[in-house]
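Residues in the sequence shown are numbered consecutively from 8, following our numbering.
Glycine residues also receive a C-beta, built at the ideal position from the N, C-alpha and C atoms.
Every value quoted in this text rests on a predicted model; they were computed, and no experiment measured them.
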Amino acid sequence: MEFLLAAASAIACVSNPAALLDANRQATLLSTAAPETVVSRYRTRDAGLDGEATVTVDRASGMYIEESRSGPVGGTEGFDGTGAWARDLTGFALPQDGGNKRPLAVSEAYRNAGLWWRDDRAGATVESLGCDRLRITPKGGTPFEASFDPQTHLLRSVLEQTTFGHSAEVRYSAYAPSNGLMVPQRIETITDGDEASSATMDLLEAKPAAALGSAYYAMPVKQSSDWSLPGSGRVVVPFRMLNNHVIAEIKVNGRGPFPFLIDTGGHEIITPWLAQELGLTAVGQSKSSGAGEKTVTTGYTRIATLDAGGAVMHDPLAVVLDFSPLDVEGIRLGGMLGVGFFERFVVTLDYGAKTMTIIDRTRFAEQERRGAGAPVPFTFYEHMPQVLGSIDGRAARFNIDTGSRSDVTLTAPFVEKAALLSAYPGAVSVTDGWGVGGPSRSTVTRATMLTLGTVNVCGPVAGLSSARRGAFSDANYEGNVGSGLLKRYKVTFDYGNRTMYLASLRNPDPDTALADRAGMWINGAKEGVQVMDIMTGGPAASAGLRNGDVIERIANVRVVDRSLSDWRSYFKLVPSGRPVALLVSRGGDLRKVAIVPAELLPLATCDDRQLALSGPKS
8 MEFLLAAASA IACVSNPAAL LDANRQATLL STAAPETVVS RYRTRDAGLD
58 GEATVTVDRA SGMYIEESRS GPVGGTEGFD GTGAWARDLT GFALPQDGGN
108 KRPLAVSEAY RNAGLWWRDD RAGATVESLG CDRLRITPKG GTPFEASFDP
158 QTHLLRSVLE QTTFGHSAEV RYSAYAPSNG LMVPQRIETI TDGDEASSAT
208 MDLLEAKPAA ALGSAYYAMP VKQSSDWSLP GSGRVVVPFR MLNNHVIAEI
258 KVNGRGPFPF LIDTGGHEII TPWLAQELGL TAVGQSKSSG AGEKTVTTGY
308 TRIATLDAGG AVMHDPLAVV LDFSPLDVEG IRLGGMLGVG FFERFVVTLD
358 YGAKTMTIID RTRFAEQERR GAGAPVPFTF YEHMPQVLGS IDGRAARFNI
408 DTGSRSDVTL TAPFVEKAAL LSAYPGAVSV TDGWGVGGPS RSTVTRATML
458 TLGTVNVCGP VAGLSSARRG AFSDANYEGN VGSGLLKRYK VTFDYGNRTM
508 YLASLRNPDP DTALADRAGM WINGAKEGVQ VMDIMTGGPA ASAGLRNGDV
558 IERIANVRVV DRSLSDWRSY FKLVPSGRPV ALLVSRGGDL RKVAIVPAEL
608 LPLATCDDRQ LALSGPKS
């Protein structure tokens with residue numbers, strides 16, 4: 008019994024924050040002569056790839072640079088005490104001022120410097136979570152939970168919310184003395200509580216160095232020059248609007264062209280069928296998610312060229328991912344041009360003329376900028392442009408996502424915090440999107456006014472997300488603006504100057520700002536379109552349609568004679584109250600059904616063309 012009591016005493020619970028942090032300081036600091044800078048080199052294992060990482064930390068302030076390389080995949084993140092930045096697989100460095108990226112960097116620097124050991128905790132709020140666990144919120148940082156080993160008092164793990172609805176638990180183990188400190192020889196990161204996501208870093212060496220100064224940790228100025236344009240410095244490429252998506256024809260390694268989605272919200276992607284056709288080999292495994300709540304497995308491949316009408320990206324790294332199956336998009340996509348494309352060029356998407364103009368960044372002159380439309384500044388939330396705005400008087404941060412078909416989707420935390428379900432009592436619950444994460448359900452309503460910078464947007468259709476996982480569960484932005492809204496404009500993206508320009512169109516597409524009038528979500532099928540989701544009490548439900556039904560004829564027209572995009576648009580434009588005859592296949596039987604479209608949302612009560620915009624019309 009005496010032995011048991013002694014053992015219990017040796018690992019007595021420490022819940023007092025001051026006592027716990029003092030014990031951690033004594034356990035960690037072996038010498039008062041710890042170096043000003045520590046440069047640590049690690050062997051890494053992540054996404055099925057082996058690699059190396061180098062982490063340079065300023066011990067006094069916590070400023071850092073983390074560089075990693077695993078096979079073809081490389082990335083760098085840094086914080087110079089003022090600004091956070093990142094260089095991902097695109098090769099370009101972007102300042103990280105959007106979402107919670109800077110607060111995340113502040114919290115990492117706080118931990119790097121051990122600022123919790125100071126008597127004033129460097130202005131942080133520290134709360135006990137029970138035995139050997141604290142919740143710490145650094146000044147200007149994100150909150151995190153820190154757990155300490157009850158025997159050694161060394162840091163055992165940190166848990167915090169990261170970006171786009173994800174969480175990360177970082178585990179520290181196998182401590183050993185190094186440069187006057189007890190240092191973990193292994194660091195393991197678990198994403199979203201999934202042990203299969205484990206990414207490990209094993210310490211190879213840690214070298215002391217003199218202080219390097221904040222300039223060393225600042226974002227690099229020099230950017231990649233791995234692109235080319237004709238002598239004119241610009242090209243014009245036609246595109247199609249399918250399902251409110253911008254689809255352009257792109258050559259890959261000199262072959263094609265193939266239909267690609269143009270997406271400010273994504274990376275460069277090659278779909279598996281095209282990778283196989285071109286003989287491209289994917290390496291590694293990673294997890295991707297999107298608007299839906301599912302995740303999918305991806306790999307990486309190196310491409311010689313991506314050619315958009317003469318605007319060429321040389322040697323880009325692409326994700327291999329089936330991000331938009333044939334039944335969802337209605338066509339077999341070859342891939343996506345994403346952030347790497349927009350970083351290298353100034354890009355104008357003229358939703359009226361259906362053209363994409365790709366311009367040399369150095370030749371996008373002041374006169375052209377002044378004529379491009381109303382300037383809307385943006386920051387970056389990882390790879391996403393993020394603008395300040397509002398919706399019906401509520402301040403909001405909007406991600407600009409040309410790959411979304413919606414007008415605007417408001418995130419679940421914003422919906423809850425602003426009590427939007429009560430604010431919009433006429434909203435209806437539907438599936439309003441389908442992406443890499445699967446179906447995306449929202450309660451859809453008609454907002455009165457949305458602003459992007461100084462630009463007023465009349466009566467957008469707004470989805471009120473209820474997601475508990477995925478990008479729309481993220482509290483670090485309030486809404487995602489898609490091409491459903493952007494197609495009212497000619498839009499120019501200048502990533503180098505972090506500015507978007509909006510010039511309103513005189514004659515936007517006829518289904519602009521309209522909502523579905525059938526109360527169902529349809530995907531493509533061999534014999535027509537398949538009903539995937541039905542709104543409770545809506546026209547489709549009243550007509551007796553069920554999930555899984557295949558509609559073969561609409562208004563006596565064979566469904567296969569038109570595109571999936573055309574039929575989705577049809578059910579926005581079809582007059583309310585006028586019955587539409589359907590021929591439906593269910594379980595091998597054909598039946599005739601009449602659906603009566605209805606105005607599920609009120610129409611907009613204003614007109615963009617009546618609003619005063621600080622820029623020209625197109």
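In this structure, the beta-carbon distance from Ser-75 to Ala-54 does not fall below 8 Å. For Phe-267, the enclosing beta strand (DSSP E) stretches over residues 262-269. For the pair Thr-458 and Leu-166, the Cα-to-Cα distance works out to about 35 Å. The three-state secondary structure of Gly-503, taken from DSSP, is helix. Minimum Cα-Cα distance from Ala-318 among the listed residues Ala-25, Phe-330, Val-259 and Val-80 corresponds to Val-259. Exclusion of the five residues before and after Ile-338 leaves Leu-249 and Pro-266 as the residues of its chain whose Cβ lies within less than 7 Å of its Cβ. Gly-347 sits in a helix when the DSSP states are folded into three classes. Residues Ser-77, Gly-78 and Gly-291 of the same chain have their beta carbon placed closer than 6 Å to that of Leu-56, with the five preceding and five following residues left out of the count.
Cβ contact annotation for Gly-531 (same chain, cutoff 6 Å, sequence separation greater than five): Asp-334, Gly-337 and Leu-571, in chain order. Ranked by Cα distance from Val-21, the first of Asp-139, Asp-201, Lys-579 and Asp-329 is Asp-139. Burial check for Arg-163: the Cβ neighbour count within 10 Å reaches 16 or more, so the residue is buried. The beta carbon of Arg-178 lies closer than 6 Å to those of Ser-164 and Glu-195 in the same chain, with the five residues before and after it left out.
Bridge pairing for Cys-465: Met-456 [DSSP].
Rounded to whole angstroms, the separation of the alpha carbons of Arg-377 and Ala-601 is 52 Å.
Membership of Arg-376 in the alpha helix (DSSP H) is indicated by the continuous run 373-377. For Phe-578, the secondary structure class from DSSP, reduced to helix, strand or coil, is helix. Within the region 491-570, the complete beta strand (DSSP E) segments of 3 residues or longer fall at 496-501, 506-511, 527-532, 535-541 and 557-561, listed in chain order.
Within the same chain, Leu-28 and Arg-32 come within 7 Å of Trp-124 by CB-CB distance, once the 5 residues on both sides are set aside. By the Cβ criterion, the region 94-102 is not in contact with the region 146-153, since fewer than three pairs of Cβ atoms, one from each stretch, lie closer than 8 Å.
When only Cα atoms are considered, Pro-515 and Glu-389 end up about 31 Å apart.
Residues Ile-366, Arg-368, Phe-371 and Asp-501 of the same chain have their beta carbon placed closer than 6 Å to that of Val-353, with the five preceding and five following residues left out of the count.
DSSP places Phe-99 outside both helix and strand once states are collapsed to three, so it counts as coil. Residues of the same chain with a CB within less than 6 Å of the CB of Glu-73, apart from the 5 flanking positions on each side, are Val-62 and Glu-84 in chain order.
Your pair Ala-217 and Ile-277 does not check out as a contact, with CB atoms roughly 45 Å apart and the cut at 8 Å. Across the structure, Ser-235 and Pro-24 are spaced so that their CA atoms are roughly 57 Å apart. In this structure, the straight-line span from the alpha carbon of Ala-181 to that of Gln-192 is close to 5 Å. The beta carbons of Ala-381 and Gly-466 sit about 18 Å from each other, so the pair does not count as a contact at 8 Å. Of the other Cβ atoms in all chains shown, fewer than 16 fall within 10 Å of the Cβ of Asp-126; this residue is therefore exposed. For the 8 Å CB-CB criterion, Asp-233 and Asp-322 form a contact. The beta-carbon distance between Met-320 and Thr-438, rounded to whole angstroms, is 34 Å. This is too long to meet the 8 Å contact definition.
Gly-261 and Gly-106 have their C-alpha atoms spaced approximately 38 Å apart.
Using a C-beta cut-off of 8 Å, the region 471-483 makes contact with the region 407-425, since at least three inter-stretch Cβ pairs fall below that distance. In this structure, the CA atom of Glu-212 is about 21 Å from the CA atom of Ala-34. By DSSP's assignment, Ala-153 forms a beta bridge with Leu-141 and Val-165. Of Gly-526, Asn-483 and Ala-206, the smallest CA-CA separation from Thr-170 is found for Asn-483. Of the residues Tyr-223, Glu-176 and Gly-584, the one whose Cα lies closest to the Cα of Glu-202 is Glu-176.
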